[in-house]
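One structure below.
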Amino acid sequence: EAQVTQNPRYLITVTGKKLTVTCSQNMNHEYMSWYRQDPGLGLRQIYYSMNVEVTDKGDVPEGYKVSRKEKRNFPLILESPSPNQTSLYFCASSLSPQSGLGELFFGEGSRLTVL
Amino acid sequence: AQSVTQLDSQVPVFEEAPVELRCNYSSSVSVYLFWYVQYPNQGLQLLLKYLSGSTLVKGINGFEAEFNKSQTSFHLRKPSVHISDTAEYFCAVRSFMDSNYQLIWGAGTKLIIKP
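Residue numbers (this note's numbering), protein chains in the order written: chain R, 1 to 115; chain W, 1001 to 1115.
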């Protein structure tokens, strides 16, 4: 089954404790992206990757890191989480978006709480 | 820069009544337009998209949307809603001229179905 898998789905952590949210897709997609969703703000892009070893900042990259060493994986790293990073996070992937046909496939989300 | 406005944060409607969710975008340059749906506690999934051709686009679950270039709108409609349509709906736009091929998202509209 074609899917985007995120882990963990739920996490409560404390300020400053490094954490990684993993994302894996099995569709051989070139493009992957991380979003955060906050009430009233819709989806805001954190980082995206057009292909292996190619990553770029989205609209709200501060406090986050990513890597794309393999095509299928795109982990999101919070080196020193702070309470303002409490949010619902989504990973998404698509075929090359250049054609405009790149429908985004989303994971089920990771709800992060930073105390 | 491109922006997307979803004029209503919530739309309450009785079951079996028609509904319209409004979406306007800012730039008149050529665009690709999308509606995504997020059911409770799930990720987003594509409802429908406009790439070119007929301005009336049909999607899943009986939804349709009409592209209006002169009014820069892409409103979503359904003639008769069901309780299972309870979800949040997001409009998104990708500009032909955006070299990063990024989607610009609206803030979302929650569709509330009243029995």
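Where is the CB? At the ideal position from N, CA and C, for every residue including glycine.
Inspect the beta-carbon positions of residue i and residue j and report whether they are closer than 8 Å.
| i | j | result |
| --- | --- | --- |
| VAL1019 of chain W | LYS1078 of chain W | yes |
| ASN26 of chain R | GLN3 of chain R | yes |
| ARG77 of chain R | PRO61 of chain R | One point to set straight first is that residue 77 of chain R is Ile, not Arg, in the sequence displayed. Not in contact: ILE77 of chain R and PRO61 of chain R (Cβ atoms no closer than 8 Å). |
| LEU115 of chain R | VAL14 of chain R | yes |
| TYR1032 of chain W | ALA1087 of chain W | no |
| GLU1066 of chain W | LEU1051 of chain W | no |
Rounded C-beta distance between residue i and residue j? I'm assuming under 8 Å.
| i | j | result |
| --- | --- | --- |
| GLY1043 of chain W | GLU108 of chain R | 5 Å |
| VAL1081 of chain W | ILE1113 of chain W | 6 Å |
For the beta strand (DSSP E) containing residue i, list its first residue and its last residue.
| i | result |
| --- | --- |
| CYS1023 of chain W | That residue, CYS1023 of chain W, is in no beta strand (DSSP E); it is neither H nor E in DSSP. |
| LEU1056 of chain W | 1056 to 1058 |
| ASN1041 of chain W | Element bounds for ASN1041 of chain W: n/a, residue is neither H nor E. |
| GLU53 of chain R | No beta strand (DSSP E) contains GLU53 of chain R, which DSSP labels as neither H nor E. |
| PHE1090 of chain W | 1087 to 1095 |
| SER33 of chain R | 31 to 38 |
| SER110 of chain R | 110 to 114 |
| VAL21 of chain R | 19 to 25 |
Note down, in chain order, each residue of its chain lying with its Cβ closer than 6 Å to the Cβ of residue i, except the 5 sequence neighbours on either side.
| i | result |
| --- | --- |
| ARG111 of chain R | TYR10, LEU88 |
Excluding the 5 residues flanking residue i on each side, which residues of the same chain have their C-beta closer than 7 Å to its C-beta?
| i | result |
| --- | --- |
| GLN37 of chain R | LEU43, SER87, LEU88, PHE90 |
| ILE17 of chain R | Correcting the residue identity first, residue 17 of chain R is Lys in this sequence and not Ile. Cβ neighbours of LYS17 of chain R beyond the five flanking positions: PRO81. |
| SER96 of chain R | GLU30, TYR31, GLY102 |
Who are the Cβ neighbours of residue i in its own chain at under 8 Å, not counting the five residues just before and after it?
| i | result |
| --- | --- |
| LYS1058 of chain W | LEU1048, GLU1064 |
| SER1106 of chain W | Rather than Ser, the amino acid found at residue 1106 of chain W in this sequence is Gly. So the list reads VAL1004, THR1005, GLN1006, CYS1023, PHE1090, CYS1091, ALA1092, once near-sequence residues are dropped. |
| THR20 of chain R | PRO75, LEU76, ILE77, LEU78 |
What does DSSP give as the partner residue(s) for residue i in the beta ladder?
| i | result |
| --- | --- |
| VAL1011 of chain W | W:LEU1111 |
| PHE105 of chain R | R:SER93 |
| ALA1065 of chain W | W:VAL1057, W:LEU1076 |
| LYS1049 of chain W | W:PHE1034 |
| LYS65 of chain R | R:ILE77 |
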